[in-house]
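What follows is a set of notes on a single structure, which appears directly below.
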Ligand SMILES: *[C@@H]1O[C@H](CO)[C@@H](O)[C@H](O)[C@H]1NC(C)=O
Ligand SMILES: [Ca+2]
Ligand SMILES: [Zn+2]
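Residue numbers (mature numbering (1 follows the signal peptide of the UniProt record, and there is no 0)): -24 to -1, 1 to 576.
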């Protein structure tokens, strides 16, 4: 019944959108992509969340800050000095939430505070290059006009009850952080005081951070930790034979995982449970066991149901291998403990520990999909892989590497953007880009040579070579016609993601054309090949970009990442690639520009 209601509500919403679209303001929702997101949550509740727009400036070789001349000034001091001067706020309003250091660039992520209380949706991020100059600054600080000091009149207990009721889930006291008080900036400039607490519903697959008004007990905003992949199913067509299984010896990268994949330095397992990942079906204790000969060998049978014991084990082993491998690759390129990654033991290298990724294979909660929830640094990322019932026997998402990589990338992008809060890819446009990065990294891992073929996602699970997106990713505009301006006609995050992923596909092709391809890029970040350059800029830009980026601000972060790491050597290559699909100089509000800066 609940499912029916939900379905009905979404149909209704679709009809309303359609009606609006035929009226005088066809693209009215467009401007709101960058600051809003409308969500249907819980029982008959629709919440429109507001994120003040992030301003974003990048400074190429960098600009001085007030403490530039002071050799002993810390990143924290320099950040407070820069922001208080730049935004005309007092030092007390600038609270450093986290810092990270990635290959010569120091990042600080900042929360605006008022009366000593954080303003949840008012944040800033700043980056300093190796010469201690400011290279990027993003801010959604607000002018806090009406913030009279007020004690909450709703108790924490009542707020929990209200959040659970409204969002149809549970606050899990022994697992979730203690509720805290934060302000939520409203569009009219006022601040509302809220109890902040997490609410999860295992069956429905929801996991929210709820902002419960501390005076009215209304849920006034949510952070949605779940990135859902709602795969579109296409009519069945012919399919190429799939690539076969291989037996790999010691695939772990011991630079990224110093204790290997089965030890956290204290406990060593002989199962698909380790420092970065636990892969299981049903319960975290139901992991695939290593045989006495030290091998995880389970032969998958394509003609039998995925639920046979051997097939379940093969799925757990493959998911474990892929998530660990993505951990290791991303680690090499900057997604380390101090940059808010997912590990049980951080080996004293900073960041919050005890947050390895949990991977539930053949999760029974759903079908034909997969999802990834990214709570803040210090709480495990949660991946759920489902079966697909388009074929007979059913197919298992855990055996399609691009789906696993796509899901894991949600964890990377949600953690690196905004400094580990999990709060900074929440607007429609930023959420759409989240889907795009996930496809783009999945595609990156599958590249084998310097040729850049057209490529699809999800073709195995639906047994259709066309895959689950509307077009293959392609350098040919006739194969994939998506441009920046296409977003005007789109409402759904995966559709928006296709635009960004195809832009990145073209950026990738340009860099590989300029610098070639290295087969060892996954473990050699020192490579100068184009695929390595691409992945550096990909991760560097995530840490540099503002909270809730747009396509133009994310593009600027790529250009700045190149200035930081390669002294701008790829500036024109990047601009030309972005401009080729409408994201050139001056592209704004989903209006294309094919211009590149003078000199390019
Ligand atoms: C996949 O599609 C092909 C072509 O339509 C079909 O012959 C084959 O039986 C399908 N495989 C499964 C497992 O459904
Ligand atoms: Ca962590
Ligand atoms: Zn996704």
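Every residue, glycine too, gets a C-beta built ideally from N, C-alpha and C. As the structure is a computational prediction, the values presented were derived from the model and not from experiment.
Run of the alpha helix (DSSP H) containing residue i, from where it starts to where it stops
i	result
residue 51	51 to 63
residue 552	547 to 555
residue 480	469 to 491
residue 378	377 to 392
residue 141	132 to 143
residue 415	404 to 422
residue 237	Where residue 237 is concerned, there is no enclosing alpha helix (DSSP H), given that its DSSP letter is neither H nor E.
residue 271	Note, residue 271: premise wrong, no alpha helix (DSSP H); not H, not E.
residue 540	527 to 542
residue 509	506 to 520
Residue i - partner residues in DSSP beta bridges
i	result
residue 13	25
residue 341	Paired residues: none, contrary to the question.
residue 194	The partner list for residue 194 (beta bridge, DSSP) is empty, contrary to what the question assumes.
residue 173	186
residue 168	160
residue 72	86
residue 449	431
residue 265	247
residue 371	364
residue 200	184
residue 146	176
residue 44	DSSP lists no partner for residue 44.
residue 77	82
residue 495	Beta-bridge pairing links residue 495 to no other residue.
residue 569	559
residue 564	567
Contact test: residue i Cβ vs ligand 1 heavy atom, cutoff 6 Å
i	result
residue 367	yes
residue 439	yes
Residue i: CB within 6 Å of a non-hydrogen atom of ligand 2
i	result
residue 73	no
residue 36	no
residue 445	no
residue 328	yes
residue 353	yes
residue 304	no
residue 372	no
residue 240	no
residue 331	yes
Proximity test, residue i beta-carbon vs ligand 3 heavy atom, cut-off 6 Å
i	result
residue 414	yes
residue 411	yes
residue 342	no
residue 486	no
residue 203	yes
For residue i, the first and last residue of its enclosing beta strand (DSSP E)
i	result
residue 438	No beta strand (DSSP E) contains residue 438, which DSSP labels as neither H nor E.
residue 32	31 to 39
residue 93	93 to 104
residue 114	110 to 115
residue 253	253 to 256
Beta carbon proximity, residue i to chain D, threshold 7 Å
i	result
residue 129	No chain D is part of this structure, which consists of one protein chain only.
Complete runs of the beta strand (DSSP E) confined to the stretch 285 to 364 [at least 3 residues]: 333 to 336, 346 to 349 and 358 to 361
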